[in-house]
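Chemist: My questions will all concern the structure given below.
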Amino acid sequence: MEEQGKIISSCDVDANLALQIWTRGKTPRLSILNKAKNSRKLIHIAWVEKRSRTLAINGGNPGESITYSVKDFEPAITRILTEYFARTNFKVKYFKLVIDLEKAIHHPELVASKADFAMMTDEKRSSLWIADCSDGDRNTGHFRPFFPLTAEEQAVMTDERCRITSLQMRSTEGLFKLGIPELLKKANPERWHNTVRVVAAAMMLGFSYCGADGTKTADALWTAGEKPKNTNPNVSAMKAPVKKLSIHDPDLMRLGHKFTAYIRHMYRLKDVKITYADDSEKELTESGFTRTRRIDFNTGTLGDVPYRVTFYENGEEGMTAFGCNPRMQTGRHKGDMVIMIPSKIFEAAMKEDTMGGASGNEFFTITRLLWAKEFSAWYRTIKPYVWKFAGLIEE
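What the sequence shown shows, in the working numbering, is residues 59 to 453, in sequence order.
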């Protein structure tokens with residue numbers, strides 16, 4: 059293994075087990091060292107995201123078996139990742155990715171006429187910003203937040219601060235030139251500073267991309283802009299750098315949509331409840347819900363398979379529910395997924411997702427609330443492993 063890569067940092071869990079970070083210039087791997095047997099196993103660091111997972115190893119004595127939970131590993135993993143951050147070129151690449159990620163999530167979508175608000179595509183609805191130049195002069199207007207503002211954010215988002223005064227200002231660069239992202243980070247660091255730092259660290263280190271395998275994309279992040287290595291001495295080295303990672307990579311796009319959904323709806327997520335049932339229709343009707351309609355959701359919207367989603371209402375309780383029945387076998391959960399949310403909260407979320415459009419898009423809002431909920435759970439899992447070196451601001 060030393061010929062293929064090297065151990066950067068190591069930490070003993072106890073007398074029998076050590077955890078190490080191994081790398082050969084791309085996405086690092088977690089090395090599990092059984093000290094009693096002097097044997098190693100390389101795994102993706104995303105393995106530690108499932109806190110209920112256990113690991114059994116053979117001890118030094120005949121027939122001895124020792125079992126650990128992933129929770130037992132958290133202090134050691136935090137330590138070796140912090141050492142890895144300090145000892146490698148990870149720091150430089152990490153902070154560059156933080157900047158690139160900030161620019162990606164703050165990219166504004168242009169709206170040039172009032173009619174465009176009533177016919178916004180899902181791509182525009184996924185943005186956190188609208189460059190609103192719909193008052194007649196397409197070169198002037200205002201940046202409008204496509205997310206609900208907290209009181210602290212509202213205080214810094216004045217009309218004068220968000221004013222677009224030229225064609226060149228209708229861009230991401232224009233938004234940053236006005237200083238809006240920096241002001242938001244100071245007003246609400248958990249929303250605008252910490253989330254970007256945690257996601258960037260996860261992307262670079264080989265954690266999952268909110269449940270999806272991001273290894274290929276992570277490797278590309280490590281090699282983007284580098285010159286290819288010349289392995290044949292009879293062939294001159296190529297001068298062209300490796301192609302830069304495209305923002306249109308599917309892995310990045312899926313993660314980006316979940317990220318922006320979380321940023322937009324993060325303060326409503328405490329009201330969104332997700333449970334699982336063998337028969338969602340029976341469970342919901344027995345709880346006083348009435349079925350209203352059904353919509354089919356294609357693969358990739360609610361999960362890795364298509365779903366048939368049944369809408370339910372409980373007027374007395376003021377609740378809306380969605381029974382999500384997978385049309386094929388999925389490894390994500392057993393039975394039906396049930397999403398429950400107060401009707402007023404769901405209606406408010408739909409209104410926010412229209413940006414002043416003519417009507418709500420239930421299909422769009424259901425998927426974004428679910429994605430935001432998934433992102434929230436993933437974010438809480440990753441954060442304890444990286445907070446010591448990611449430069450988070452603790453409130």
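Think of the CB as a built atom: it goes at the ideal place given N, C-alpha and C, for glycine as much as any other residue.
Looking only at DSSP bridge pairs, what is N116 linked to?
Modeler: S123
Chemist: Tell me which same chain residues have a C-beta within less than 8 angstroms of the C-beta of E374, skipping the five on either side of it?
Modeler: G346
Chemist: Confirm, please, whether the CB-CB distance from P166 to F205 is below 8 angstroms.
Modeler: no
Chemist: Which residue marks the beginning of the alpha helix (DSSP H) containing S338, and which one marks its end?
Modeler: S338 to E344
Chemist: Using DSSP's beta-bridge definition, name the partner residues of R87.
Modeler: W80
Chemist: What's the gap between the Cα of E218 and the Cα of G199?
Modeler: Approximately 10 angstroms between the Cα atoms of the pair.
Chemist: Distance check for V330 and F153, CA to CA, integer angstroms please.
Modeler: 33 angstroms
Chemist: For I222, name the three-state secondary structure that DSSP assigns.
Modeler: strand
Chemist: List, from N- to C-terminal side, the beta strand (DSSP E) runs of 3 residues or more that fit wholly inside the segment 355 to 401.
Modeler: 365 to 372, 377 to 384 and 394 to 400
Chemist: For L100, which beta-bridge partners are listed by DSSP?
Modeler: S89
Chemist: Taking Cβ to Cβ, would you say S434 is nearer than 8 angstroms to Y320?
Modeler: yes
Chemist: Quick one: complete alpha helix (DSSP H) runs, 4+ long, within the segment 122 to 198?
Modeler: Within the segment 122 to 198, the complete alpha helix (DSSP H) runs of at least 4 residues fall at 128 to 145, 148 to 163, 173 to 176 and 180 to 183.
Chemist: Mark Y325 as exposed unless 16 or more other C-beta atoms lie within 10 angstroms of its C-beta, in which case mark it buried.
Modeler: exposed
Chemist: Given a cut-off of 8 angstroms, decide if M408 and T388 are closer than it, judged by their beta-carbon atoms.
Modeler: No. Outside cutoff.
Chemist: Go through its chain and collect everything with a Cβ distance to T425's Cβ below 6 angstroms, but skip five positions before and after it.
Modeler: Contacts found: T359.
Chemist: Using the beta-carbon count (16 or more within 10 Å), is G361 buried or exposed?
Modeler: buried
Chemist: Using three-state DSSP, classify P206 as helix, strand or coil.
Modeler: coil
Chemist: For N292, is the classification buried or exposed, using 16 other Cβ atoms within 10 angstroms of its Cβ as the cut-off for buried?
Modeler: Any reading at N292 is ruled out, since the residue's pLDDT is 49, under 50, leaving its predicted position unreliable.
Chemist: For I353, count the other beta carbons within 10 Å of its own beta carbon; 16 or more makes it buried, fewer makes it exposed. Which is it?
Modeler: exposed
Chemist: Give a yes or no on whether the C-beta atoms belonging to W280 and K84 are separated by under 8 angstroms.
Modeler: yes
Chemist: Could you please give the first and the last residue of the uninterrupted alpha helix (DSSP H) stretch that includes K431?
Modeler: E420 to V444
Chemist: Nearest CA to the CA of I103: which residue from K235, K431 and Y267?
Modeler: Y267
Chemist: If you run the structure through DSSP and keep just helix, strand and coil, what is T216?
Modeler: coil
Chemist: Less than 8 angstroms between the CB atoms is what I'm expecting for H315 and W429, so what's the real figure, rounded?
Modeler: 6 angstroms
Chemist: Could you check what DSSP says for R322 in three-state terms: helix, strand or coil?
Modeler: Correct three-state label for R322: helix.
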